[in-house]
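So the sequences go chain by chain: C and F.
The first sequence begins at 2 in my numbering and counts up by one.
The second sequence begins at 52 in my numbering and counts up by one.
Note that CB positions come from ideal geometry on N, CA and C, so glycine has one too.
What follows is a short report on a single structure.
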Amino acid sequence: MNSILFMILRRLRRPLILIIVSFAVATIGLTLVPGVDDHGQTWYMSIFEAFYVISYTATTIGFGEVPYPYSQAQRLWMTFSIYLTVLPWFYAVGKIITLLQDASLRQTIAAERFARNVASLQEPFFILCSYGQSANLLAHILDEKNMRVVVIEQKQERLNELELADTKNTILSLCADAKIPENLIRAGIYNPHCSGVVTLTDNDDVNLAVAVSVKLMQPNLRVLARAERKDIAANMASFGTDTIINPYTLFGDQLAMRVHALGTYILHQWLTGVPGDTLPPPENPPRGNWLVCGYGRFGKSVVENLEQENLTTTIIEAMPDLTECEECVVGSGTEAETLIEAGVHDACGIIAGTDNDIDNLSIVMTAKELNPNLFLIVRKNNRNNGALFRKFGADITMQPTDIIAHECLAHMLTPLLAEFLTLVRDQDNHWANNLISKLVDVVGETVPETFAVTIDADNAEAVSEYIERGLLVKLGNLMQDPSDREKELKLVPLLLVRDEVSMLVPDKETIIVKGDCILCCGTYDAKMTLPASINNNTTFNYIMTGREVPDSVAWRFIQRLISS
Amino acid sequence: MNMEKVVFGFFIVLAMTLNFGFFLGDIDNASHHHVYELYAAITVSLIATVLKFGDRTQVGAILLSTSLAADLQLITAAILWAALQGNMETAHLMVYIVSLSGGALMANFVSVVLLISETISQRR
Numbered sequence: 002m003n004s005i006l007f008m009i010l011r012r013l014r015r016p017l018i019l020i021i022v023s024f025a026v027a028t029i030g031l032t033l034v035p036g037v038d039d040h041g042q043t044w045y046m047s048i049f050e051a052f053y054v055i056s057y058t059a060t061t062i063g064f065g066e067v068p069y070p071y072s073q074a075q076r077l078w079m080t081f082s083i084y085l086t087v088l089p090w091f092y093a094v095g096k097i098i099t100l101l102q103d104a105s106l107r108q109t110i111a112a113e114r115f116a117r118n119v120a121s122l123q124e125p126f127f128i129l130c131s132y133g134q135s136a137n138l139l140a141h142i143l144d145e146k147n148m149r150v151v152v153i154e155q156k157q158e159r160l161n162e163l164e165l166a167d168t169k170n171t172i173l174s175l176c177a178d179a180k181i182p183e184n185l186i187r188a189g190i191y192n193p194h195c196s197g198v199v200t201l202t203d204n205d206d207v208n209l210a211v212a213v214s215v216k217l218m219q220p221n222l223r224v225l226a227r228a229e230r231k232d233i234a235a236n237m238a239s240f241g242t243d244t245i246i247n248p249y250t251l252f253g254d255q256l257a258m259r260v261h262a263l264g265t266y267i268l269h270q271w272l273t274g275v276p277g278d279t280l281p282p283p284e285n286p287p288r289g290n291w292l293v294c295g296y297g298r299f300g301k302s303v304v305e306n307l308e309q310e311n312l313t314t315t316i317i318e319a320m321p322d323l324t325e326c327e328e329c330v331v332g333s334g335t336e337a338e339t340l341i342e343a344g345v346h347d348a349c350g351i352i353a354g355t356d357n358d359i360d361n362l363s364i365v366m367t368a369k370e371l372n373p374n375l376f377l378i379v380r381k382n383n384r385n386n387g388a389l390f391r392k393f394g395a396d397i398t399m400q401p402t403d404i405i406a407h408e409c410l411a412h413m414l415t416p417l418l419a420e421f422l423t424l425v426r427d428q429d430n431h432w433a434n435n436l437i438s439k440l441v442d443v444v445g446e447t448v449p450e451t452f453a454v455t456i457d458a459d460n461a462e463a464v465s466e467y468i469e470r471g472l473l474v475k476l477g478n479l480m481q482d483p484s485d486r487e488k489e490l491k492l493v494p495l496l497l498v499r500d501e502v503s504m505l506v507p508d509k510e511t512i513i514v515k516g517d518c519i520l521c522c523g524t525y526d527a528k529m530t531l532p533a534s535i536n537n538n539t540t541f542n543y544i545m546t547g548r549e550v551p552d553s554v555a556w557r558f559i560q561r562l563i564s565s
Numbered sequence: 052m053n054m055e056k057v058v059f060g061f062f063i064v065l066a067m068t069l070n071f072g073f074f075l076g077d078i079d080n081a082s083h084h085h086v087y088e089l090y091a092a093i094t095v096s097l098i099a100t101v102l103k104f105g106d107r108t109q110v111g112a113i114l115l116s117t118s119l120a121a122d123l124q125l126i127t128a129a130i131l132w133a134a135l136q137g138n139m140e141t142a143h144l145m146v147y148i149v150s151l152s153g154g155a156l157m158a159n160f161v162s163v164v165l166l167i168s169e170t171i172s173q174r175r
C-alpha cells in the first residue's frame, strides 16, 4: 500500500507544484492590490483573507466579492488569478482521475489488496491456480465444506463468474499469472494456514511451472497438479509434487471401476461429494462386448481398463492413422453403417468418448435406434451442455472435469481419505456394498462428512492423558455420545493408521494407542462433537466411567467428603 | 551539473533561510517578524515537500519527514495568526508564532544537514 501511495504522489509532483506556485502568486498579489472599504478608505486584504478568496475561486466555488465590493484594481488581479489558478486546479484533478483509471495502477492496487486479505486469513485455505471447469466445481465443494479458497486466474471473465457466484465464504481472487512466483507468494504460500496448492489448468507447462515453484519455495506444502504428458508428470514427481492427476487415465480408471465394481465407485463418489447431496441411483453396466467410439487419449485409457476387467471391446475411430489404432472400424460412429459394421446388434453397451459433445450425443442416439437394449455411456466435455445430456438421459454420463474435482477432493480433505480410497480399490465389490449399507444405516442417504482425528496431546488431550495413565481406550469409546454414553455418535471409523500400517474399517474393540490416525465418516454433528469429547477431561472421563468429576477443586473436595 | 539537483537544493536551502529570516528578531516584537516572510517560508516549504515525494531511499524518506515536520509547524503558526489576530495581545501571539517557526527552523536545519551529508558521501 505504501509503495502505491508514493507512486501516486510522485506522479502528482508536477500538478501539485503548479498548484502551490499559482496559489502563492495569486494570494500574494491580492494582498498587495488596494481595495476600498465601506467607509471609502483604502484597505488591504490580509494573507488569510486573500488565501480564502483564491481557494474558493480556484476551485470554481465562487462566493463573490467579500468582505467589501472590490476595487477595479482588485478585479483586474482577480481576473488574472482565475486563469492562473483554475487551470492548474483542473489539470491536477484530471491527472488524479487519469491515475486512478490507470490499468497498471489498478492492477497493483488489486494485487496489494488481495495479498492483504490473504494474509489476514485465520483458517486453513487452499490455493487454486486456475478457475476452469474442474477448479470451479472444486471451489464450490470446498466452500460448501466450509474451507476457504483462494483463486489465481488469468482470465478476468472467469473471475467475473466467481464474483457473481453464491458462496458461503468470500472466495478471494486475483487476476494474474500463477506462473509468476510473486503471485504465488501473494496468494499465501508462506501463510501458515495454507493447506495446499491445486493447479488444474489445461496447459501442462503452466501446471509444471506452478508445481515446481511451490515445491522450491515451500517444500512442505501439498501440491496437486494436473498433467497430461508423461514427461511432465515425471518432471513434477521429481520435484516432489504430492498428487499428479492425469485426466485421461483417471477417466478410464473411473469408467472401469464403474463397469466392474459399482460399489467401490459409489463409495468413492459418496465420500468425495458435496455434504448434503443425495446419491444418484446406481446403474449396473452389463458385461459383454463394448463398442468404444473415439480412440484418443480417453479412448485408449478406457479400452485398456476395460480389457483389464476382461471385457472385449470394438473400437470405432475416424482417423486410425493418427491415433495408432491397429484394429478398428473406420468411421466417426455417428452413422448407422459404421455402427452396424462394428456389431452394434450384438454389443451390450456403447461408450461415446470423443471430445465433441454433439458427436457423442449423435453416436448414442443412432446406436439406441439400432439396438434399444444397449447400455449407453456418454462423455460430457462441456458443463454448459448439461441441459442436452439431461434431456437425452444416457445410462451413465461421465464428465472429466467432475471426475478431476472429486479426485482432488479425495486428496485435499485429508490425506487419509486418498489412502482409504486406494485401499478400497483392492477390495471386492461385495465388501464395498457391505460398507455402503453400514454407512447408510448410520449416517443416512446424504453425503456424509469425512474427517481425520489424530490421537496426540494436541488433538486429543483427554484421550492421550488417559492412555498415559496406562488405561485402555477402545475405538468404541471415542464413538460414545458425550451427552449420553449409552448412545453412539453417528459416525463410522473407516481407517486406522498406526506406524505406517493401515487397518481398513477397524473394529470397535480395537485398543487405541498414542499416535494413531483415524479416518471417520459421519454426520456434521458427530464431526463437531468428537473433538470436544476427546479433548475435554471431564467429558471423556464421563464417557469412560459414567461418572462426572467436578472441574473445581472445591467441588471435588466436597464430593470426596460425601463419598467417604 | 544536473538542473534537477540545483532546483532541489535551492528549494531546501531557501526554505531554511526564509524560515531563519522570519525567526530572527525579538520573540515578542511584531515589527521584527513580517507576515510575508512567513508566507514565503510556507510556500517554499510546501514546494520542497512536493519535490521530495517519491524518493525511495532511506535519506529520501527522512528528508520528506523533516519537511513534513516543518510544514506542520509553519502552517500551525499561520493558522494561529489568522485565527487569533485581534483576539489577544499581539506580543503574546507573536511569542506563539515565532516559537513555532523556531521549531520548523530546526526541522529545516536537519533537512539541510542531511542534504549536505548526502552530497559529501557521493564522491563525484
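#1: Kindly indicate which residue of C:369, C:124, C:79 has the alpha-carbon position closest to the one of residue 337 of chain C.
#2: With a threshold of 7 Å on Cβ separation, who are the neighbours of residue 462 of chain C within its own chain once the five nearest residues in sequence on each side are excluded?
#3: Mapping the DSSP letters down to three states, classify residue 489 of chain C as helix, strand or coil.
#4: From the DSSP output, in three-state form, read off residue 482 of chain C for me.
#5: To test your reading of the DSSP string, which unbroken alpha helix (DSSP H) runs of 4 or more residues are found completely within the region 315–397 of chain C?
#6: List the residues of chain F whose Cβ lies closer than 7 Å to the Cβ of residue 93 of chain C, in chain order.
#7: On the premise that residue 362 of chain C lies in contact with residue 345 of chain C, defined as a C-beta separation below 8 Å, what is that separation, rounded to the nearest angstrom?
#8: Am I right that residue 135 of chain C and residue 406 of chain C are in contact with their C-beta atoms under 8 Å? What's the rounded C-beta distance?
#9: Thinking residue 88 of chain C and residue 26 of chain C are a contact (beta carbons under 8 Å), I'd like their distance in whole angstroms, please.
#10: Could you spell out where the alpha helix (DSSP H) holding residue 189 of chain C opens and where it closes?
#11: Which of the residues in the region 139–168 of chain F, read from start to end, lie with their CB under 7 Å from any CB of chain C?
#12: Would you say residue 98 of chain F lies against chain C (beta-carbon separation less than 9 Å)?
#13: Below 8 Å CB to CB, which residues in the same chain sit around residue 220 of chain C once its five sequence neighbours on both sides are set aside?
#14: Please check if any C-beta of chain F sits within less than 9 Å of the C-beta of residue 7 of chain C.
#15: Could you list the residues in the region 61–86 of chain F with a C-beta less than 9 Å from some C-beta on chain C, going in chain order?
#16: Please confirm whether residue 55 of chain C has its beta-carbon closer than 9 Å to some beta-carbon of chain F.
#17: Check each residue of the region 41–55 of chain C: if its Cβ is closer than 7 Å to any Cβ of chain F, include it; give the result in chain order.
#18: Identify every run of the alpha helix (DSSP H) within the region 82–163 of chain F, keeping only runs that are complete inside it and at least 4 residues long; order them along the chain.
#19: Please report how far the alpha carbon of residue 472 of chain C lies from the alpha carbon of residue 538 of chain C, in whole angstroms.
#20: Which residues of chain A have a Cβ atom closer than 9 Å to the Cβ of residue 137 of chain F, listed in chain order?
#21: Could you check the C-alpha separation between residue 216 of chain C and residue 232 of chain C for me, to the nearest Å?
#22: In the DSSP assignment, find the alpha helix (DSSP H) that holds residue 76 of chain C and state where it starts and stops.
#23: With a cut-off of 8 Å, do at least 3 Cβ pairs link the region 508–527 of chain C to the region 492–499 of chain C?
#24: Taking the beta strand (DSSP E) that residue 450 of chain C belongs to, which residues open and close that run?
#25: Assign residue 58 of chain F to one of two classes, buried (16 or more other C-beta atoms within 10 Å of its C-beta) or exposed (fewer than that).
#26: Along the region 113–129 of chain F, what residues have a CB closer than 7 Å to any CB found in chain C?
#27: Give me the Cα-Cα distance between residue 439 of chain C and residue 409 of chain C, rounded to the nearest whole angstrom.
#28: Distance cutoff 9 Å, beta carbons only. Does residue 114 of chain C sit that close to anything in chain F?
#29: Taking only the alpha-carbon atoms, compute the straight-line gap between residue 159 of chain F and residue 150 of chain F and give it to the nearest angstrom.
#30: In chain C, what lies closer than 7 Å to residue 133 of chain F by C-beta?
#31: Do you know how far the Cα of residue 477 of chain C is from the Cα of residue 564 of chain C?
#32: Would you grab the beta carbon distance between residue 83 of chain F and residue 77 of chain F for me? Rounded to a whole angstrom, and I think it's under 8 Å.
#33: Could you check if residue 360 of chain C is buried or exposed, using at least 16 other CB atoms within 10 Å of its CB as the buried criterion?
#34: Out of C:314, C:62, C:186, C:203, point me to the one whose CA is closest to residue 353 of chain C's CA.
#35: Restricting to Cα atoms, I'd like to know which of C:543, C:420, C:447, C:437 is closest to residue 480 of chain C.
#36: Rounded to whole angstroms, how far is the Cβ of residue 105 of chain F from the Cβ of residue 14 of chain C, which I believe are closer than 8 Å?
Walking through what the data contain:
#1: By one-based count along the first sequence, residue 337 of chain C stands at place 336. With distances taken between Cα atoms, residue 337 of chain C lies closest to C:369.
#2: In the first sequence, counting from the first residue as 1, residue 462 of chain C sits at position 461. Result list for residue 462 of chain C: 536, in chain order.
#3: Here residue 489 of chain C corresponds to residue number 488 of the first sequence, with the count starting at 1. Residue state, collapsed to three classes: strand.
#4: Position 481 of the first sequence, counted from the start, is the residue given in the question as residue 482 of chain C. It is a strand residue.
#5: 337–342, 358–371, 387–393
#6: For the purposes of this step, residue 93 of chain C is identified with residue 92 of the first sequence, where counting begins at 1. Within chain F, no residue comes near residue 93 of chain C; the closest Cβ sits about 11 Å away, beyond 7 Å.
#7: Mapped onto the first sequence, residue 345 of chain C falls at position 344. Mapped onto the first sequence, residue 362 of chain C falls at position 361. With a Cβ gap of about 16 Å, residue 345 of chain C and residue 362 of chain C do not count as contacting.
#8: Counting from 1 along the first sequence, the entry for residue 135 of chain C is found at position 134. Counting from 1 along the first sequence, the entry for residue 406 of chain C is found at position 405. Confirmed, about 5 Å.
#9: As a position in the first sequence, residue 88 of chain C is number 87, starting the count at 1. As a position in the first sequence, residue 26 of chain C is number 25, starting the count at 1. About 13 Å separates the two Cβ atoms, so there is no contact after all.
#10: On the first sequence, position 188 is the one that residue 189 of chain C refers to. Residue 189 of chain C -> no alpha helix (DSSP H), and no H or E assigned at all.
#11: Within the region 139–168 of chain F, no residue qualifies.
#12: Taking the second sequence and counting its residues from 1, the one referred to as residue 98 of chain F is at position 47. Yes, its Cβ sits closer than 9 Å to a Cβ of chain C.
#13: Position 219 of the first sequence holds residue 220 of chain C. Correct list, in chain order: 241.
#14: Your numbering for residue 7 of chain C matches position 6 in the first sequence. It does; some Cβ of chain F falls within 9 Å.
#15: Taking 9 Å as the Cβ-Cβ cut-off, the region 61–86 of chain F approaches chain C at 86, given in chain order.
#16: Taking the first residue of the first sequence as position 1, residue 55 of chain C is located at position 54. At least 9 Å separates the CB of residue 55 of chain C from every CB of chain F.
#17: 48, 49
#18: 86–103, 109–135
#19: Position 471 of the first sequence, counted from the start, is the residue given in the question as residue 472 of chain C. Position 537 of the first sequence, counted from the start, is the residue given in the question as residue 538 of chain C. Whole-angstrom Cα-Cα distance: 14 Å.
#20: The structure shown contains no chain A; the protein chains it does contain are C and F.
#21: For the purposes of this step, residue 216 of chain C is identified with residue 215 of the first sequence, where counting begins at 1. For the purposes of this step, residue 232 of chain C is identified with residue 231 of the first sequence, where counting begins at 1. Between residue 216 of chain C and residue 232 of chain C, the C-alpha separation is close to 18 Å.
#22: Residue 76 of chain C sits at position 75 when you count from the first residue of the first sequence. Where residue 76 of chain C is concerned, the enclosing alpha helix (DSSP H) stretches over 73–102.
#23: Using a Cβ-Cβ distance cut-off of 8 Å, the region 508–527 of chain C and the region 492–499 of chain C are in contact, since at least three pairs of beta carbons, one from each stretch, lie closer than that value.
#24: Within the first sequence, the letter at position 449 stands for residue 450 of chain C. Residue 450 of chain C -> beta strand (DSSP E) spans 450–455.
#25: Taking the second sequence and counting its residues from 1, one reaches residue 58 of chain F at position 7. Looking at its Cβ environment, which holds fewer than 16 other Cβ atoms inside 10 Å, residue 58 of chain F is exposed.
#26: none
#27: Here residue 439 of chain C is taken as the residue at index 438 of the first sequence, counted from 1. Here residue 409 of chain C is taken as the residue at index 408 of the first sequence, counted from 1. So the two alpha carbons sit approximately 26 Å from each other.
#28: Here residue 114 of chain C refers to the residue found at position 113 when the first sequence is read from its first residue. For residue 114 of chain C, the answer is no, since every Cβ of chain F falls outside 9 Å of its Cβ.
#29: For this step, residue 159 of chain F is matched to residue 108 along the second sequence. For this step, residue 150 of chain F is matched to residue 99 along the second sequence. Taking the straight line from one Cα to the other gives about 14 Å.
#30: In the second sequence, residue 133 of chain F corresponds to position 82, counting from 1. Within chain C, the residues near residue 133 of chain F are 49.
#31: Here the question's residue 564 of chain C lines up with position 563 in the first sequence. Here the question's residue 477 of chain C lines up with position 476 in the first sequence. Between residue 564 of chain C and residue 477 of chain C, the C-alpha separation is close to 30 Å.
#32: If you number the second sequence from 1, residue 83 of chain F lands on position 32. If you number the second sequence from 1, residue 77 of chain F lands on position 26. Confirmed, Cβ separation roughly 5 Å.
#33: Residue numbering aside, residue 360 of chain C sits at position 359 when the first sequence is read from its first letter. Per the 10 Å Cβ criterion, buried.
#34: Against the first sequence, residue 353 of chain C aligns to sequence position 352. Measuring from the Cα of residue 353 of chain C, the nearest candidate turns out to be C:314.
#35: Position 479 of the first sequence, counted from the start, is the residue given in the question as residue 480 of chain C. When only C-alpha atoms are compared, the closest one is C:543.
#36: On the second sequence, residue 105 of chain F is found 54 positions in, with the first residue counted as 1. On the first sequence, residue 14 of chain C is found 13 positions in, with the first residue counted as 1. Residue 105 of chain F to residue 14 of chain C, Cβ: 7 Å. Contact.
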